[in-house]
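If you're matching them up, the sequences are chains A and B in order.
Each residue of the first sequence is one higher than the one before, starting from 1 at the first, in the numbering used here.
Each residue of the second sequence is one higher than the one before, starting from 1001 at the first, in the numbering used here.
Report on the following structure.
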Amino acid sequence: MSLAGKRILIAKPGLDGHDVGAKIIALALRDAGAEVIYTGLRKAPEYIARVAVEEDVDAVGLSILSGSHVDLVRETARCLREAKAGNVKLFVGGTIPQEDNPALIEAGAAGIFNSSQRIEDVIAELARVLDAG
Amino acid sequence: MLSPDERRDLAREISRLASASVEQMLAAPPAAPGRSARRIGFTGPPGVGKSTLVGSLVERRAARGTSVAVLAIDPASPYSKGAILGDRIRMDRASDNSRVFMRSVSSRDSQDGMCNNVADILTTLEASGFDEVVLETVGVGQAEHAVKALVDTVVLLMQPETGDAIQALKAGILEVADIIVISKSDLPGSARMREHLASTVRFGAKRAVDWTTPVLGVSVDTGAGLEELEQALDAHAQWATTHRDAVAIQRSRMRYRVQDLILRQLDHTLASLDDTDYAAALPALYAATVKKLLPRP
């Protein structure tokens, strides 16, 4: 599966300060051919949406370990729409209990990943959603 | 200041230009804008602190009301062609300002460390009404000369105690700089390197009338030297108004633009030749290559 030519923003919203997972994903996406922009830690949803617009990305991947994933996904989706970037696909990964999946999808997530998934599967799923437009 | 729609449209236009083919650029070349912005280029080896310095400078200038667009070019992986565009992390405070537009691009298949159609991207940023346009790129020898053609002021960064000074002498990149910055000047060895470079510049062949390249120590961590750097930038802009020739600038930018397209086309052409083509004698191979250079619609 290739993500050649895709631009993807990996972002850390909220207050958790661990980005090993975000960096591993960023590298894997690069190796799949994507151009990856990483925001660094503890960014506000408004800031993430703004970067998504300026960098003209196809997708935003939020890495969240703090437990507030539903609120952060909803808020980021709202900010993206406000910044006229409602077409950007929003993904979320991290420590996410499966029972939250419906709420996350309702909040605007186009895909949900957790640490038990293989990287190749994550890439394949991203490629599938992005190519489906 | 850009509206959300304008910001998004500008971002999309940059994407379009960064991936436009030679044929597309020739079919619809962007027109020169009716206005010009002040262009400042930052170059130097990886890890020298370009993004951190640019972030800090842009933050200061934006706080005083200057609108700034930043184009930061990062290298693509030679294996996957993918890239991690990490310059933003070092500029997050500056890029949160609404007077600032910041964009990262990958060098993709470019030969000189720039991105494709960089000249047209800079022109587009200029046309969007920014007071200043900043270009940041990894110095890889050829990049310095490309930066020189594209911007008004070239700032070359070097780090203390890395042997950079000798490397710079070897590669001849000192001559390209309008301002030299020793970054991380709080590190040991900075003062010595500064003296060494300053005397090299002083005793070297003079390139520009009435302008001696200043060598400044700057530490973003402590803030030391930032004020001096801004003064040097202003002094160089002042100098340029009386010593630079608009026709010559236009010529060198146009030359870069056409060279960029030809080199890209040449790269495609050489890749498309087969073993039979390469088995020919050198003059025949040369003639065949040149003939194939014309892009087919």
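Cβ atoms here follow ideal geometry from the backbone N, Cα and C, with glycine treated the same way.
Supposed contact pair residue j and residue i - C-beta distance, whole angstroms, cut 8 Å
| i | j | result |
| --- | --- | --- |
| isoleucine 1179 of chain B | threonine 1153 of chain B | 7 Å |
| valine 1138 of chain B | valine 1100 of chain B | In fact, because the Cβ distance is near 21 Å, the residues do not count as touching under 8 Å. |
| leucine 62 of chain A | valine 92 of chain A | 5 Å |
| leucine 9 of chain A | valine 57 of chain A | 5 Å |
| valine 73 of chain A | glycine 108 of chain A | 6 Å |
| serine 1190 of chain B | proline 1160 of chain B | 4 Å |
| alanine 127 of chain A | valine 88 of chain A | Contact doesn't hold; Cβ gap of about 16 Å is too wide. |
| alanine 32 of chain A | glycine 1082 of chain B | 7 Å |
| serine 1036 of chain B | arginine 30 of chain A | Their Cβ separation, rounded to whole angstroms, is 36 Å, which puts serine 1036 of chain B and arginine 30 of chain A out of contact at 8 Å. |
| glycine 28 of chain A | isoleucine 123 of chain A | Note that residue 28 of chain A is alanine in the sequence shown, not glycine. Indeed they touch by this definition, with Cβ atoms about 6 Å apart. |
| glutamate 1132 of chain B | isoleucine 1040 of chain B | 6 Å |
| serine 66 of chain A | aspartate 100 of chain A | Contact doesn't hold; Cβ gap of about 13 Å is too wide. |
| arginine 1090 of chain B | glycine 1055 of chain B | 5 Å |
| lysine 12 of chain A | alanine 22 of chain A | 6 Å |
DSSP-derived helix/strand/coil call for residue i
| i | result |
| --- | --- |
| aspartate 31 of chain A | helix |
| asparagine 101 of chain A | helix |
| alanine 1134 of chain B | One point to set straight first is that residue 1134 of chain B is valine, not alanine, in the sequence displayed. If DSSP states are grouped into helix, strand and coil, valine 1134 of chain B belongs with the strands. |
| methionine 1001 of chain B | coil |
| methionine 1102 of chain B | strand |
| valine 88 of chain A | coil |
| aspartate 1267 of chain B | helix |
| methionine 1158 of chain B | strand |
| valine 1209 of chain B | coil |
| alanine 1120 of chain B | In the sequence as displayed, the identity of residue 1120 of chain B is aspartate instead of alanine. If DSSP states are grouped into helix, strand and coil, aspartate 1120 of chain B belongs with the helices. |
| glycine 1082 of chain B | coil |
| alanine 49 of chain A | helix |
| leucine 1216 of chain B | strand |
| valine 1048 of chain B | coil |
| aspartate 1275 of chain B | helix |
| aspartate 1234 of chain B | helix |
| aspartate 1074 of chain B | strand |
| valine 1181 of chain B | strand |
| alanine 1094 of chain B | helix |
| alanine 1027 of chain B | helix |
| leucine 1017 of chain B | helix |
| aspartate 1087 of chain B | helix |
| alanine 1223 of chain B | Checking the displayed sequence, the identity of residue 1223 of chain B turns out to be glycine instead of alanine. Glycine 1223 of chain B falls in the coil class under three-state DSSP. |
Cβ shell of residue i (< 8 Å), same chain only, five flanking positions each side left out
| i | result |
| --- | --- |
| glutamate 125 of chain A | Gly111, Phe113 |
| aspartate 1186 of chain B | Ser1219, Asp1221, Thr1222, Ala1224 |
| arginine 1244 of chain B | Asp1152 |
| alanine 1063 of chain B | Asn1097 |
| proline 1188 of chain B | Pro1160, Glu1161 |
| leucine 1085 of chain B | Ala1072, Asp1074, Ser1104, Val1105, Ser1106 |
| alanine 1288 of chain B | Leu1273, Asp1277, Ala1280 |
| valine 1022 of chain B | Leu1261, Arg1264, Gln1265, His1268, Pro1295 |
Below-8 Å beta-carbon distance, residue i vs any chain D residue
| i | result |
| --- | --- |
| glycine 33 of chain A | The structure shown contains no chain D; the protein chains it does contain are A and B. |
Nearest to residue i (by Cα), restricted to the options the options
| i | options | result |
| --- | --- | --- |
| threonine 1241 of chain B | B:Arg1060, B:Val1209, B:Asp1267, B:Arg1093 | B:Val1209 |
| glutamate 1136 of chain B | B:Thr1289, B:Phe1042, B:Tyr1256, B:Leu1273 | B:Phe1042 |
| serine 68 of chain A | A:Leu104, A:Val53, A:Ala49 | A:Leu104 |
| alanine 1017 of chain B | B:Cys1115, B:Lys1081, B:Val1147, B:Asp1277 | First, the residue type needs correcting, since residue 1017 of chain B is leucine and not alanine in the sequence shown. Per the Cα distances, B:Cys1115. |
| glycine 1034 of chain B | B:Thr1123, B:Met1193, B:Glu1195 | B:Thr1123 |
| arginine 1093 of chain B | A:Glu99, A:Ser115, A:Gly86, A:Arg42 | A:Arg42 |
| valine 20 of chain A | A:Ser115, A:Glu120, A:Gly33 | A:Ser115 |
| glutamate 1227 of chain B | B:Ala1028, B:Leu1057, B:Arg1038 | B:Leu1057 |
| proline 1078 of chain B | B:Thr1276, B:Asp1234, B:Ser1107, B:Ile1121 | B:Ser1107 |
| threonine 1212 of chain B | B:His1236, B:Leu1229, B:Gln1231 | B:His1236 |
| phenylalanine 1130 of chain B | B:Trp1239, B:Ile1121, B:Glu1023, B:Ser1067 | B:Ser1067 |
| phenylalanine 1203 of chain B | B:Ser1110, B:Leu1174, B:Gln1231, B:Arg1192 | B:Leu1174 |
| asparagine 1117 of chain B | B:Tyr1278, B:Arg1061, B:Ser1015, B:Ser1199 | B:Ser1015 |
| alanine 1127 of chain B | B:Pro1030, B:Arg1061, B:Ser1080, B:Ala1076 | B:Pro1030 |
| serine 1095 of chain B | A:Thr76, A:Ala49, A:Leu27 | A:Ala49 |
| glutamate 82 of chain A | B:Met1091, B:Arg1007, B:Ala1280, B:Asp1087 | B:Arg1007 |
| tyrosine 47 of chain A | A:Cys79, A:Glu106, A:Gln117, A:Gly86 | A:Cys79 |
| alanine 1020 of chain B | B:Leu1285, B:Asp1275, B:Ser1110, B:Ala1279 | B:Ser1110 |
For residue i, the residue or residues it bridges with in DSSP
| i | result |
| --- | --- |
| threonine 1153 of chain B | B:Ile1040 |
| proline 13 of chain A | A:Lys43 |
| glycine 94 of chain A | A:Ile64, A:Asn114 |
| tyrosine 38 of chain A | A:Ile10 |
| isoleucine 123 of chain A | Answer is none; isoleucine 123 of chain A lacks a bridge partner. |
| valine 1068 of chain B | B:Val1100, B:Glu1132 |
| alanine 59 of chain A | A:Ile8, A:Lys89 |
Own chain residues within Cβ distance below 6 Å of residue i, not counting five before or after
| i | result |
| --- | --- |
| leucine 1157 of chain B | Gly1044, Val1048, Lys1050, Val1181, Ser1183 |
| serine 1252 of chain B | Ala1149 |
| leucine 1293 of chain B | Gln1265, Thr1269 |
| leucine 1273 of chain B | none |
| glycine 1217 of chain B | Ile1182, Ser1185, Ser1190, Arg1194, Gly1225 |
| isoleucine 37 of chain A | Leu9, Glu55 |
| alanine 26 of chain A | Ile10, Val36, Tyr38 |
| valine 1060 of chain B | According to the sequence provided, residue 1060 of chain B is arginine. The question's valine does not apply to it. No residues qualify anywhere along the chain. |
Own chain residues within Cβ distance below 7 Å of residue i, not counting five before or after
| i | result |
| --- | --- |
| alanine 1119 of chain B | Leu1150, Arg1253, Tyr1256, Arg1257, Asp1260 |
| alanine 77 of chain A | Leu90, Ala107, Gly108 |
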